[in-house]
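Residue numbers (the numbering used here): 43 to 142.
Take a look at the structure:
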């Protein structure tokens, strides 16, 4: 467990070499979000890098939506806000990718 406010995971650059940060809800959601972005054809810097795989992007977005559905009423305000904002952003990017 973290001693940071809200149990926040320490930034990766603060961890001793070779240590992996603990998984918390924020890290889990952001990890899935990163996967969806990669499937949508975005690189680590957020710039388009290649051809999107819309089927895999849709699957990951649907997984996040399922997580939102199944955790309704059991999340903190920050967790709920993060999940909602991530889903909104990914859905908008997905619609944009479908049009191109």
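All C-beta atoms in this analysis are idealised placements derived from N, C-alpha and C, irrespective of residue type, glycine included.
Less than 8 Å between C-beta atoms, sequence neighbours within five positions excluded: which residues of the same chain meet that for residue i?
| i | result |
| --- | --- |
| residue 103 | 78, 129, 132, 133, 136 |
| residue 100 | 136 |
| residue 114 | none |
Exposed or buried, which one is residue i when buried takes at least 16 other CB atoms within 10 Å?
| i | result |
| --- | --- |
| residue 105 | exposed |
| residue 94 | buried |
What do you reckon, are the CB atoms on residue i and residue j nearer than 9 Å?
| i | j | result |
| --- | --- | --- |
| residue 108 | residue 125 | no |
Measure the C-alpha to C-alpha separation of residue i and residue j and round it to an integer number of angstroms.
| i | j | result |
| --- | --- | --- |
| residue 120 | residue 111 | 16 Å |
| residue 88 | residue 75 | 12 Å |
| residue 139 | residue 66 | 30 Å |
| residue 37 | residue 96 | In the structure as shown, the chain starts at 43 and stops at 142, and residue 37 therefore has no counterpart that could be examined. |
Using a Cβ-Cβ cutoff of less than 7 Å, which residues in the same chain neighbour residue i once the five nearest sequence positions on both sides are dropped?
| i | result |
| --- | --- |
| residue 98 | 81 |
| residue 73 | none |
Which same chain residues, not among the five before or five after residue i, have their C-beta less than 6 Å away from its C-beta?
| i | result |
| --- | --- |
| residue 122 | none |
Could you please give me the residues that DSSP links to residue i through a beta bridge?
| i | result |
| --- | --- |
| residue 64 | Residue 64 pairs with nothing; no bridge assigned. |
| residue 90 | 84 |
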